[in-house]
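Have a look at the structure below before the remarks.
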Amino acid sequence: MSTTTTRKEWKLAELAAEVGVSPRTVRYYVQRGLLPAPPFKGPDTVYGEDHLLRLKAIRALQAKFLPLDAIQVELARLSPEELKALVEADAAPLPPPAPAPAPSTPPVPTPVKHGSRDDASEAGVTSWRRWELAPGLELHLADTADEKSRALADRVRALIQESQER
Numbered sequence: 451m452s453t454t455t456t457r458k459e460w461k462l463a464e465l466a467a468e469v470g471v472s473p474r475t476v477r478y479y480v481q482r483g484l485l486p487a488p489p490f491k492g493p494d495t496v497y498g499e500d501h502l503l504r505l506k507a508i509r510a511l512q513a514k515f516l517p518l519d520a521i522q523v524e525l526a527r528l529s530p531e532e533l534k535a536l537v538e539a540d541a542a543p544l545p546p547p548a549p550a551p552a553p554s555t556p557p558v559p560t561p562v563k564h565g566s567r568d569d570a571s572e573a574g575v576t577s578w579r580r581w582e583l584a585p586g587l588e589l590h591l592a593d594t595a596d597e598k599s600r601a602l603a604d605r606v607r608a609l610i611q612e613s614q615e616r
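If you're matching positions, the sequence shown starts at 451 in our numbering and goes up one per residue.
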């Protein structure tokens, strides 16, 4: 049986454990304004259902890779009902993760040109060069980049190539 449906108040350590964060994190969120301060301070401080809901919403938004500043904006924007919906949607089971690819030797960085400069200038779109530096790591450089940026991209590619030759 879940304690979240029957309990109305939690001590700091209990609230933190319920959500899977440390008590220090809860205090930090109060300090940052992500959570409202508890009604009173001291050894008998208790946190309510709103605190629990907001903590779960913070966790759900963190799972979407939002920074704390963006989370604070979302918490201020959402109504209590929307927060509940967010938390309930986050509690839905996720599909199993895809199996990890077998390790392989990293490919040599090779440029891949997307579009052409003529097509891009006609459409008002910048074309880009893309280099796969390593599995999951790409470098993108706009054809309109200045010389300093081009030199930096060349240096990064050279460093990657040097590290692969070792």
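Every residue, glycine too, gets a C-beta built ideally from N, C-alpha and C.
Fair warning: this is a prediction, and the values are worked out from it, not measured in the lab.
Residue i (DSSP reduced to helix, strand or coil)
i: L536; result: helix
i: V471; result: coil
i: P493; result: coil
Short Cβ contact (9 Å threshold) for residue i with residue j
i: I610; j: A592; result: no
i: R488; j: V480; result: Correcting the residue identity first, residue 488 is Pro in this sequence and not Arg. Yes, the pair counts as a contact, with Cβ atoms nearer than the cut-off.
i: L484; j: L533; result: no
i: R421; j: L589; result: Residue 421 is absent from the structure shown; the chain starts at 451 and stops at 616.
i: A608; j: A595; result: no
i: A513; j: D494; result: no
i: L502; j: E531; result: no
i: K458; j: G492; result: no
According to DSSP, residues forming a beta bridge with residue i
i: H590; result: R580
i: G498; result: E459
Contact belief for residue i with residue j at Cβ below 8 Å, rounded distance in angstroms
i: L528; j: A510; result: Going by Cβ atoms, the distance from L528 to A510 rounds to 11 Å, so no, they are not a contact pair.
Residue i, buried or exposed, once every other Cβ within 10 Å from all chains shown has been counted against 16
i: K506; result: buried
i: R504; result: buried
i: V476; result: buried
i: A466; result: buried
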